[in-house]
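Colleague: Protein chains in written order, with the working numbering: chain S, 1 to 214; chain H, 1001 to 1214.
Ideal placement from N, C-alpha and C gives every residue a C-beta, glycine not left out.
The structure under discussion is supplied below as C-alpha cells; questions concerning it will follow.
2 protein chains.
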Amino acid sequence: MSEVSAPRAPVALGILLSGRGSNFMAIAEAIRAGRLQGCTIAVVLSNVADAPGLLAAQELGLSTVTLVSKGTPRAEHDRNMVEALRRHGVDLVVLAGYMRVLTAEFLRAFPDRVLNIHPSLLPAFPGLHAQRQALEYGAAVAGCTVHFVDEAVDHGVIVLQRTVPVEPMDTEETLADRILNVEHLAYPEAIARVLSGGYAVRGRRYLPAEPLAS
Amino acid sequence: MSEVSAPRAPVALGILLSGRGSNFMAIAEAIRAGRLQGCTIAVVLSNVADAPGLLAAQELGLSTVTLVSKGTPRAEHDRNMVEALRRHGVDLVVLAGYMRVLTAEFLRAFPDRVLNIHPSLLPAFPGLHAQRQALEYGAAVAGCTVHFVDEAVDHGVIVLQRTVPVEPMDTEETLADRILNVEHLAYPEAIARVLSGGYAVRGRRYLPAEPLAS
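What follows is the structure, given as C-alpha cells:
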C-alpha cells in the first residue's frame, strides 16, 4: 500500500454488517444530509439473516444481499461476498459491525479498499469487548479507530481516531454508548478522507499527500 | 491496593529524576503558584551526577541528593534511595524522568505511594521511545498517562490520561514537545487527585471514593 489515488466519483460503497448496523445508518444519514458527497451505498450485505440493519437498509430503499455464513466454509462464503460486491459495482467496502474476519482472498479482491471501525484507541484493546477491556484496565480515555483492514485483526493503517473520556460511573454499556456517538461522526469523516484521494500511506502513517514536485 | 486514605498535610514529595526534570519543574511551579496545595518538595534525588534537574532544584533552594546508580548493584542502590527518601520524611515518591526500573523492595517501602508519568496513552506504547512508537504505528491520537508504579513496566493503576493529536508533519521531537506540554499540566493535577484522598482503587480503576454508608 503506498499512494492512494482519488477514485472516480460517485464511489459505490458496499456495507457489510451482522447486526443493527448503527454505523451503516450514520453513513446513510451523512450521505442523505450532504455531509458525505461523491458516494452512494450500492449494496448492504449481511451474513446474518435477521440482522436488524438489513431491514433498516430495505426501509431506505437500498439493495440488500444476505449470504448466511453459518455452515458455509469461510473461503466459499468470502468468494460469494466478493462476487455480490462486484456485481453491485462496489469500490469501497465498509465494515459496520461485521463480526467475521475476512480472508486474505477477500482482501486481495479489494486492495486497500476495506475500512473498519473499532471501539478503542488502537493498538490498545483490540478484539472483542474493547469497551470492557478498557474499563477493566482502568483507562481514563477511550475512543474509536477507523482503519484499513489487513490480514491481522484490528491492525491496519489508521485513518483517524476520536477520543471520549471514561467516566467514574461508567458501565460497559454507558461507555459503549459514548464511544458509539463519536463512531457515528468519525466513520463518515474517515470515508470522506479516503474518498478525497488527498491522502497517502507512508509506512503506517496516513498523511495528506504532498504536492507533486515540479 | 484498595482504599487510599487521605495522607496528612503537608505531604512531603520526593522527586526522582535522571535528566532535565521538566516535569519536576512543572510540579515545583504548580506548588509555587498555589495550584497544588498541601504539599512540599522534601528532596530531589538523582541517579545521574550531572542531571540538569539537580541544578534546577538547587537553584530553587530545594534539598538534593545524588546517588549514582552506575556501577552500584540495583538492590543496594534502591536501598540507599529508600534510606535517603525516609531521611527526608517523603510520603509520596514522584518519578520525573527517572530512567531505571525500581526494585520490588523499593516499591514495598512506599506501597501505593509511587507515581510515574509516561508519554503515551497506556496500555499503548509502553517502554522506551513511546512517541516514536506512536508515530511508527500511525496513531492519530497520542498523550500521556500518570499511573501508580507497580513491578511491571508502565503498568500500574492509572490516575489520569490526557490526549493530544498527532499532526501530519510531526517528527518524534514535535510530538514529544506537544505531549510534554500536557504532561506538565497532567502531573500536578494527578498529584492533587492522589493527595485529595478522595479516590480509591477498585480493580484497576481509580475512582472517586463513594461516601460511607451510614
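Closer than 7 Å, Cβ to any Cβ of chain S: which residues of the stretch 1148 to 1168 of chain H, in chain order?
Modeller: Answer set for the stretch 1148 to 1168 of chain H: V1157, I1158, L1160, Q1161, T1163 and P1168.
Colleague: Using the C-alpha atoms, what's the distance from S/S69 back to H/G1143?
Modeller: Your numbering for residue 1143 of chain H matches position 143 in the second sequence. Your numbering for residue 69 of chain S matches position 69 in the first sequence. Each residue's alpha carbon lies about 40 Å from the other.
Colleague: From the DSSP output, read off the bridge partner residues of S/L13.
Modeller: Position 13 of the first sequence holds residue 13 of chain S. Note: S/L13 sits in a beta bridge opposite S/I41 and S/L92.
Colleague: Any idea what DSSP makes of S/H129, helix, strand or coil?
Modeller: For the purposes of this step, residue 129 of chain S is identified with residue 129 of the first sequence, where counting begins at 1. Residue state, collapsed to three classes: coil.
Colleague: Are the stretch 1183 to 1198 of chain H and the stretch 1025 to 1039 of chain H touching, with three or more C-beta to C-beta distances below 8 Å?
Modeller: The answer is yes - the stretch 1025 to 1039 of chain H touches the stretch 1183 to 1198 of chain H, with three or more Cβ pairs under 8 Å.
Colleague: Any idea what DSSP makes of H/G1071, helix, strand or coil?
Modeller: Here residue 1071 of chain H is taken as the residue at index 71 of the second sequence, counted from 1. It is coil, neither helix nor strand.
Colleague: Counting contacts by CB-CB distance shorter than 8 Å, is S/Y187 in contact with chain H?
Modeller: Indexing the first sequence from 1 puts residue 187 of chain S at position 187. Not an interface residue.
Colleague: With DSSP run on the structure shown, which of helix, strand or coil describes H/A1084?
Modeller: Mapped onto the second sequence, residue 1084 of chain H falls at position 84. Three-state DSSP puts H/A1084 in a helix.
Colleague: Alpha carbon to alpha carbon, how far is S/E136 from S/H88?
Modeller: Start at 1 with the first residue of the first sequence, and residue 136 of chain S comes out as number 136. Start at 1 with the first residue of the first sequence, and residue 88 of chain S comes out as number 88. Going by the C-alpha atoms only, they are around 42 Å apart.
Colleague: Buried or exposed, going by whether 16 or more other CB atoms sit within 10 Å of the CB of H/G1156?
Modeller: In the second sequence, the residue the question calls residue 1156 of chain H occupies position 156. The residue is buried, with at least 16 neighbouring Cβ atoms inside 10 Å.
Colleague: Where does S/H77 sit, in a helix, a strand or coil, going by DSSP?
Modeller: On the first sequence, residue 77 of chain S is found 77 positions in, with the first residue counted as 1. Reduced to three states, the DSSP call for S/H77 is helix.
Colleague: Does the Cβ of H/R1205 have 16 or more other Cβ atoms within 10 Å, making it buried, or fewer, making it exposed?
Modeller: Taking the second sequence and counting its residues from 1, the one referred to as residue 1205 of chain H is at position 205. So H/R1205 counts as buried.
Colleague: Could one say the Cβ of S/E183 lies closer than 8 Å to chain H's Cβ atoms, at least one of them?
Modeller: Looking up residue 183 of chain S in the first sequence gives position 183. Not an interface residue.
Colleague: Pull up the distance between the alpha-carbon of H/H1184 and that of S/E76, whole angstroms please.
Modeller: By 1-based counting over the second sequence, the position of residue 1184 of chain H is 184. By 1-based counting over the first sequence, the position of residue 76 of chain S is 76. Rounded to the nearest angstrom, the two C-alpha atoms are 55 Å apart.
Colleague: Give the residues of chain H in contact with S/L135, contact being defined as C-beta atoms less than 8 Å apart.
Modeller: The residue you call residue 135 of chain S lines up with position 135 of the first sequence. Neighbours of S/L135 on chain H, chain order: R1205.
Colleague: Which word fits S/L128, buried or exposed, when buried means at least 16 other C-beta atoms lie within 10 angstroms of its C-beta?
Modeller: Here the question's residue 128 of chain S lines up with position 128 in the first sequence. Exposed.
Colleague: Anything in the stretch 1117 to 1131 of chain H with a Cβ closer than 7 Å to a Cβ of chain S? List those residues in chain order, please.
Modeller: Answer set for the stretch 1117 to 1131 of chain H: L1121, P1123 and A1124.
Colleague: Against chain S, with Cβ distances strictly below 8 Å, would H/G1143 count as a contact?
Modeller: Counting from 1 along the second sequence, the entry for residue 1143 of chain H is found at position 143. With 8 Å as the cut-off, H/G1143 counts as an interface residue toward chain S.
Colleague: Is it true that the stretch 150 to 168 of chain S meets the stretch 1008 to 1017 of chain H, where meeting means three or more beta-carbon pairs spaced less than 8 Å apart?
Modeller: They do not touch, by the three-pair rule.
Colleague: Say whether chain S places a C-beta atom closer than 8 Å to the C-beta of H/G1071.
Modeller: For the purposes of this step, residue 1071 of chain H is identified with residue 71 of the second sequence, where counting begins at 1. With 8 Å as the cut-off, H/G1071 does not count as an interface residue toward chain S.
Colleague: Starting from H/A1109 and walking both ways along the alpha helix (DSSP H), at which residues does that stretch end?
Modeller: Counted from its first residue, the second sequence places residue 1109 of chain H at position 109. Start and end: A1104 to A1109.
Colleague: Would you list the residues sitting across from H/T1064 in a DSSP beta bridge?
Modeller: Indexing the second sequence from 1 puts residue 1064 of chain H at position 64. According to DSSP, which records beta bridges pairwise, H/T1064 is partnered with H/V1044.
Colleague: Along chain H, in chain order, which residues have C-beta atoms closer than 7 Å to that of S/P208?
Modeller: As a working note, residue 208 of chain S is residue 208 in the first sequence. Residues of chain H passing the Cβ test: P1168.
Colleague: Using the three-state DSSP reduction, which class does S/H155 fall into: helix, strand or coil?
Modeller: As a first step, residue 155 of chain S is located in the first sequence; it is residue number 155 there, counting from the start. Residue state, collapsed to three classes: coil.
Colleague: Beta-carbon of H/G1089 versus every beta-carbon of chain S: anything under 8 Å?
Modeller: Stepping through the second sequence from its first residue, residue 1089 of chain H is reached at position 89. Not closer than 8 Å to any Cβ of chain S, the Cβ of H/G1089 fails to qualify, so no.
Colleague: Classify H/M1081: buried if its beta carbon has 16 or more other beta carbons within 10 angstroms, exposed otherwise.
Modeller: Position 81 of the second sequence, counting from 1, holds the residue named residue 1081 of chain H. Buried, since its Cβ has 16 or more Cβ neighbours within 10 Å.
Colleague: Let me know the secondary structure DSSP gives H/T1171 once reduced to three states.
Modeller: By 1-based counting over the second sequence, the position of residue 1171 of chain H is 171. Here H/T1171 sits in coil by DSSP.
Colleague: Tell me which residues share the same chain as S/D91 and place their Cβ nearer than 7 Å to its Cβ, disregarding the 5 neighbours each side in the sequence.
Modeller: Taking the first sequence and counting its residues from 1, the one referred to as residue 91 of chain S is at position 91. The answer, listed in chain order, is P7, V11, A12 and R113.
Colleague: DSSP three-state label for S/Y206, please.
Modeller: Counting from 1 along the first sequence, the entry for residue 206 of chain S is found at position 206. The answer is strand: DSSP assigns S/Y206 an E or B state.
Colleague: Verify whether the separation of the beta carbon atoms of H/L1121 and S/L122 is less than 8 Å.
Modeller: Along the second sequence, one-based indexing puts residue 1121 of chain H at 121. Along the first sequence, one-based indexing puts residue 122 of chain S at 122. No.
Colleague: Distance, Cα to Cα, H/A1084 vs H/V1043?
Modeller: As a first step, residue 1084 of chain H is located in the second sequence; it is residue number 84 there, counting from the start. As a first step, residue 1043 of chain H is located in the second sequence; it is residue number 43 there, counting from the start. Distance between the alpha carbons of H/A1084 and H/V1043 is about 9 Å.
Colleague: Chain H beta carbons: is any one of them nearer than 8 Å to that of S/G138?
Modeller: Taking the first sequence and counting its residues from 1, the one referred to as residue 138 of chain S is at position 138. Yes, contact with chain H.
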